[in-house]
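Structure, as structure tokens:
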Amino acid sequence: MSFGDGNPTFEELMEVVQRQQEVIELFEQQIEACRIECVKLADESERKSELFIEMEKTEEIMKNEIEFLKTGNDSKRNEREEKITDSELETVGELRIKCKEITFNLEKLKTQNAAQEVELELQRKNNELLRLELDSERQQNYDGKRKATVTTESIQKDMLEKCAKLQESQTKYQIDLARMKSELELKEHREKQLERHYEDIMDEMKEIRKEKSSAMVKCSAMTSEIAELKTKIQQLRGKLPRNEHDIEDMNKLLGDQSHLIAALREETKLLARKLEGDSRDYR
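Read left to right, the sequence shown gives residues 1 to 283 (UniProt numbering).
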């Protein structure tokens, strides 16, 4: 049932409220998706941080190994000098043999040291590349987090504003709905009153019609009776001598009949006007 040309129906209001609820649920799903993405980014950043720490530990171990090798070289060099000092009395041949052995061992240590230096340099370069990649990933992760935070805050702000507007609209619709329900109940009550009033008027109109019909019958009967009386009077006037007393009585009778007819006509007019007024009020 429509309450007016500019007012929505109850079904339309309920459909608007349902659509508002669906919009709110959609916003909640978007916020949950943003939250899950932020958690994933945080986990990935933590894994890369652990990798960087492991690389730093590896680099420290390599440095310790190089330092150990350098220390070993210095120790062997000192031992060689001591042996030369202790063996000054040995023969030149033995010294040459020992010198060759020491030189061979030294070259071997130098070769190992150079290989380890190359390996360390490669490890350093790899570590540097990994560090740069990690820094880039950290920056991207930071930018992603910041962007996700800004996006999440913007979505939350927008959602809160829309939720507030939807809540305000829903409250307004509920108020309008309650008001229209009250108006509908009032209109239904008035319709029932009008129906009862209409039934009362129709009953009264039936009674008035009956009274009018009765009055019309009486009026017609009186008119016929007066006409008969007039005819009889004319006949009597022609037959009887003109007695002033009889004429006066006859005129009085005629006057009474005329007053009665006038009263009946006036009553009929009043009934007709009342019937017309009641019909106009009902319309």
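The C-beta atom is built at its ideal place from N, Cα and C for all residues, glycine as well. Quick caveat: nothing in here was measured; it's all calculated off a predicted structure.
Beta carbon of residue i nearer than 8 Å to that of residue j
| i | j | result |
| --- | --- | --- |
| residue 291 | A227 | Since the first and last residues shown for the chain are 1 and 283, residue 291 lies out of range. |
| A272 | K212 | yes |
| I208 | K274 | yes |
| I261 | T231 | no |
Expected contact under 8 Å - CB spacing of residue i and residue j to nearest Å
| i | j | result |
| --- | --- | --- |
| L229 | Q257 | 7 Å |
Alpha helix (DSSP H) segments (min. 4 residues) lying fully within the segment 150-221: none
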